[in-house]
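What follows is a set of notes on a single structure, which appears directly below.
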Amino acid sequence: MTHAAEFQITRERMRDYLRNPGPVECRLTISHSRVVQKSYRNERRFFCLPPTVTLEGGGWQQLCMFMIPGRVWYQASSTEMVSGIYGVINNGCGDGERLEFKGKNYAQAKMAITSDHPRFGTSEKSSKPTFFNLTVTLLKSHDELIGCFKSDRIKVISKKPKKKLSIKNSDCKALVIISGSTVALSCKTKTFSTTRFMFADGTHFVGSAERWSSLEICLVDETGRFEDGYVYYNNVVTLRDPKTGHCHPPVRICRVEGKEKMKVMPGGNEEPVCQLYKCAFQFTERGKEHLYLAMGSQNEIMEYDAIKDGQLSDAAVWTIASSSDTEFRFFYADQNKACHTLPTHIPVVHKLFIQNNTIFLEGDNFDRNMIIWIGDVPVTTTFRHTWLLTCPMPDLRSLQSCPMAVDEECAQIQVSLAYRGIVFATGQVLQITRGEKDLYERFAMQVVIQ
């Protein structure tokens, strides 16, 4: 029996999903810092950003309804989650830490780092950089496995160097902040007993003791255009929420030194901004040069005259760290089957390219039973390796009814993977350029999706 015959996914159902994924899709995001610092002697460290697992999409509610007979399914808000799901997060050391969602759509781990393990302690003999991944195991309340999800790589670093860094040093390149990358900001003040994080709440930024957001940090030139390159102290940058596109007004990133008495250090833009260092954000608008971005007493992010007697208020001091959001998207297309078990390792596609009329997908965790879909069209798939799948380029005329995104340059059709009645979004698209003029014009008349 073929895969297609055993698990029925119709083109109509796939088309409906591509047009409106929200009500049926399961989205899981693992958010974490890209670096952690080694533990020394008897130190007990924690991640500078608490690892966070977020569940979004209406598919989770439907999953609970399928798997737990009698459970009431109701329309939850974006921050609510039906009960019946929990997780275990593991950094490769020990038994892992339980994640409880407690009626919310997110859960966090403390994730202690101790020196008794070679990976995080000073007993590591190898001079090579150490990397590891977080693994999230998601289960239903009666311990039935939903699936296992792996984060991006995290680098273990030693103590922050005291001498000035240079990007000419290859080891330093992994520690500096790059324009266009995502970072998270935390603020520790004497007023609050716990660290506060900058959190993007819709169209504005707020402080939160529970949640943090990955924000794009971008260099800005005199005309307001974004620039590429490494971020240096005294550069003008903007902070942007990648989900909503909301941008904070341009600010100058400044170096901060001192512990009890913190000061903004003057000087040129010769030193790159580094992971886990303290910094301040000075407003650049004329007449506001004395104001800094600060954490308010009511968790508001505000403009604040933060320097008094030459010292900088701790409310305007931020620790900066590169962050990562690893997202998995899937939905159960065949709802008539009792088996909704995800593969042991969730497939991830890193790259799509076309050569000699053949489409190549490169990634991880591929399976012989996976089928490539171009839009709402399944195509004959060849399993080459756990990291490589191929398929022939489909007849483009068969794709004209597919939901797609169309702009002045090209039409984009989403590429998905199907496995045992489950569809995984790959984040990859097939592009039809203006070079195929007639076909492009026919595509441009179709319904445009975001």
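Read in order, the letters of the sequence shown are residues 1 to 450 in full-length UniProt numbering.
Ideal Cβ placement from N, Cα and C applies to all residues, glycine included.
Val-237 Cβ short of 7 Å to the ligand ATP heavy atom set: The model on display carries no ligand, and the ligand ATP is accordingly not part of it.
Simplified DSSP state of Asp-407, which is helix, strand or coil: Position 407 of the sequence shown, counted from the start, is the residue given in the question as residue 407. For Asp-407, the secondary structure class from DSSP, reduced to helix, strand or coil, is coil.
Paired residues, beta bridge with Thr-203 - DSSP: Indexing the sequence shown from 1 puts residue 203 at position 203. Beta-bridge partners of Thr-203 (DSSP): none assigned.
Where Asp-95 sits in the DSSP three-state scheme: Within the sequence shown, the letter at position 95 stands for residue 95. DSSP places Asp-95 in coil when its eight states are reduced to three.
Cβ-Cβ separation, Val-176 to Pro-272 (assumed contact under 8 Å), whole Å: On the sequence shown, residue 272 is found 272 positions in, with the first residue counted as 1. On the sequence shown, residue 176 is found 176 positions in, with the first residue counted as 1. Here Pro-272 really is in contact with Val-176; their C-beta atoms are around 4 Å apart, less than 8 Å.
CA nearest to the CA of Thr-344, picked from Gln-431, Arg-420 and Arg-196: Locating residue 344 in the sequence shown gives position 344, where the first residue counts as 1. For the residues Gln-431, Arg-420 and Arg-196, the minimum Cα distance to Thr-344 belongs to Arg-420.
Those runs of the beta strand (DSSP E) which lie wholly inside the region 198 to 248 and span at least 3 residues: As far as the region 198 to 248 is concerned, its whole beta strand (DSSP E) runs of at least 3 residues are 204 to 208, 215 to 220 and 236 to 240.
Buried or exposed by the 16-neighbour rule on C-beta atoms within 10 Å, applied to Gly-287: In the sequence shown, residue 287 corresponds to position 287, counting from 1. Gly-287 should be labelled exposed.
Pro-242 and Thr-182 closer than 8 Å at C-beta: Walking along the sequence shown from the start, residue 242 turns up at place 242. Walking along the sequence shown from the start, residue 182 turns up at place 182. Yes, these two residues count as a Cβ contact at 8 Å.
Inter-residue spacing [alpha-carbon to alpha-carbon] between Ile-154 and Leu-291: Position 154 of the sequence shown holds residue 154. Position 291 of the sequence shown holds residue 291. Between the alpha carbons of Ile-154 and Leu-291 lies a gap of roughly 35 Å.
Close-in-space but distant-in-sequence residues of the same chain around Phe-328 (CB under 6 Å, 5 per side omitted): As a position in the sequence shown, residue 328 is number 328, starting the count at 1. Correct list, in chain order: Leu-28, Phe-149 and Ile-346.
For Val-415 and Ile-9, the rounded distance between their alpha carbons: In the sequence shown, the residue the question calls residue 9 occupies position 9. In the sequence shown, the residue the question calls residue 415 occupies position 415. Here the alpha carbons of Val-415 and Ile-9 stand approximately 15 Å from one another.
Under 8 Å between C-beta atoms of Leu-399 and Leu-361: The sequence position of residue 399 within the sequence shown is 399, counting from 1. The sequence position of residue 361 within the sequence shown is 361, counting from 1. The Cβ atoms of Leu-399 and Leu-361 do not sit closer than 8 Å to each other.
Residue range of the alpha helix (DSSP H) that includes Met-14: Indexing the sequence shown from 1 puts residue 14 at position 14. In the DSSP assignment, Met-14 falls within the alpha helix (DSSP H) that extends over 11 to 19.
Beta-carbon proximity list for Gly-310, same chain, < 8 Å, skipping 5 on both sides: Here residue 310 corresponds to residue number 310 of the sequence shown, with the count starting at 1. These residues qualify, in order along the chain: Lys-263.
Cβ separation of Asp-305 and Arg-15, assumed to be a contact under 8 Å, to the nearest whole Å: Start at 1 with the first residue of the sequence shown, and residue 305 comes out as number 305. Start at 1 with the first residue of the sequence shown, and residue 15 comes out as number 15. No, Asp-305 and Arg-15 are not in contact; Cβ-Cβ is about 56 Å, not under 8 Å.
Alpha-carbon spacing of Phe-192 relative to Thr-135, whole angstroms: Here residue 192 refers to the residue found at position 192 when the sequence shown is read from its first residue. Here residue 135 refers to the residue found at position 135 when the sequence shown is read from its first residue. Roughly 32 Å separates the two Cα atoms.
8 Å Cβ cutoff met for Cys-410 and Ile-432: Sequence index remark: in the sequence shown, residue 410 carries index 410 (1-based). Sequence index remark: in the sequence shown, residue 432 carries index 432 (1-based). Contact flag set, yes.
Candidates Ile-253, Lys-104 and Arg-13, of which the one nearest Gln-282 by Cα: Within the sequence shown, numbered from 1, the residue matching residue 282 stands at position 282. Between Gln-282 and the set Ile-253, Lys-104 and Arg-13, the nearest pair of CA atoms involves Ile-253.
Environment of Gly-147 [buried if 16+ CB atoms lie within 10 Å]: The residue given as residue 147 occupies position 147 in the sequence shown. With at least 16 other beta carbons inside 10 angstroms of its own, Gly-147 counts as buried.
Where the beta strand (DSSP E) through Ser-323 begins and ends: Numbered from its first residue, the sequence shown carries residue 323 at position 323. First-last of the beta strand (DSSP E) with Ser-323: 318 to 332.
Residues of its chain near Thr-137, where Cβ-Cβ distance is below 6 Å and the 5 sequence neighbours each way are ignored: Sequence index remark: in the sequence shown, residue 137 carries index 137 (1-based). For Thr-137, the CB contacts under 6 Å within the same chain, skipping 5 residues up- and downstream, are Val-88 and Cys-148 in chain order.
Proximity of Gly-59 and Phe-366 at Cβ, strictly below 8 Å: As a first step, residue 59 must be located in the sequence shown, where it is residue number 59. As a first step, residue 366 must be located in the sequence shown, where it is residue number 366. Between Gly-59 and Phe-366, the CB-CB gap reaches or exceeds 8 Å.
Per-residue burial, Ala-174 [other beta carbons within 10 Å of its own, 16 or more giving buried]: To locate residue 174, count along the sequence shown from 1; it is residue 174. Ala-174 is classed as exposed because its beta carbon has fewer than 16 other beta carbons within 10 Å across all chains shown.
Terminal residues of the beta strand (DSSP E) in which Ser-31 lies: Along the sequence shown, one-based indexing puts residue 31 at 31. Counting along the chain, the beta strand (DSSP E) containing Ser-31 begins and ends at 26 to 33.
For Ile-178 and Arg-225, the rounded distance between their alpha carbons: As a working note, residue 225 is residue 225 in the sequence shown. As a working note, residue 178 is residue 178 in the sequence shown. Ile-178 has its alpha-carbon roughly 16 Å from the corresponding atom of Arg-225.
Contact under 8 Å by Cβ, Met-393 with Thr-381: On the sequence shown, position 393 is the one that residue 393 refers to. On the sequence shown, position 381 is the one that residue 381 refers to. No, Cβ-Cβ distance for Met-393 and Thr-381 is not below 8 Å.
Cβ neighbours of Ser-208 in the same chain (closer than 6 Å, five flanking residues each side left out): Within the sequence shown, the letter at position 208 stands for residue 208. Around Ser-208, the same chain offers Phe-197 and Phe-199 as residues with beta carbons nearer than 6 Å, after the five sequence neighbours per side are excluded.
Coarse secondary structure for Ser-313, derived from DSSP in three states: Start at 1 with the first residue of the sequence shown, and residue 313 comes out as number 313. For Ser-313, the three-state secondary structure derived from DSSP is coil.
Rounded separation between Arg-13 and Thr-326 - CA only: Locating residue 13 in the sequence shown gives position 13, where the first residue counts as 1. Locating residue 326 in the sequence shown gives position 326, where the first residue counts as 1. Rounded to the nearest angstrom, the two C-alpha atoms are 26 Å apart.
Proximity of Ala-109 and Pro-51 at Cβ, strictly below 8 Å: In the sequence shown, counting from the first residue as 1, residue 109 sits at position 109. In the sequence shown, counting from the first residue as 1, residue 51 sits at position 51. The Cβ atoms of Ala-109 and Pro-51 lie closer than 8 Å to each other.
Exposure label - His-32; buried when at least 16 CB within 10 Å: The count along the sequence shown starts at 1 and reaches residue 32 at position 32. By the neighbour-count rule (16 or more Cβ atoms within 10 Å), His-32 is buried.
Beta-carbon separation (whole angstroms), Thr-319 vs Ser-186, contact threshold 8 Å: Your numbering for residue 319 matches position 319 in the sequence shown. Your numbering for residue 186 matches position 186 in the sequence shown. Between Ser-186 and Thr-319 the Cβ distance is about 5 Å, and since that is below 8 Å, they are a contact.
Top-ranked residue by Cα proximity to Thr-54, from Gly-92, Gly-84, Val-36 and Leu-99: As a first step, residue 54 is located in the sequence shown; it is residue number 54 there, counting from the start. The residue from Gly-92, Gly-84, Val-36 and Leu-99 with its alpha-carbon nearest to that of Thr-54 is Leu-99.
For Cys-48, the three-state DSSP class (helix, strand or coil): As a first step, residue 48 must be located in the sequence shown, where it is residue number 48. Coil.
Alpha-carbon spacing of Val-237 relative to Glu-257, whole angstroms: Working through the sequence shown from its first residue, we reach residue 237 at position 237. Working through the sequence shown from its first residue, we reach residue 257 at position 257. The C-alpha of Val-237 lies about 20 Å from the C-alpha of Glu-257.
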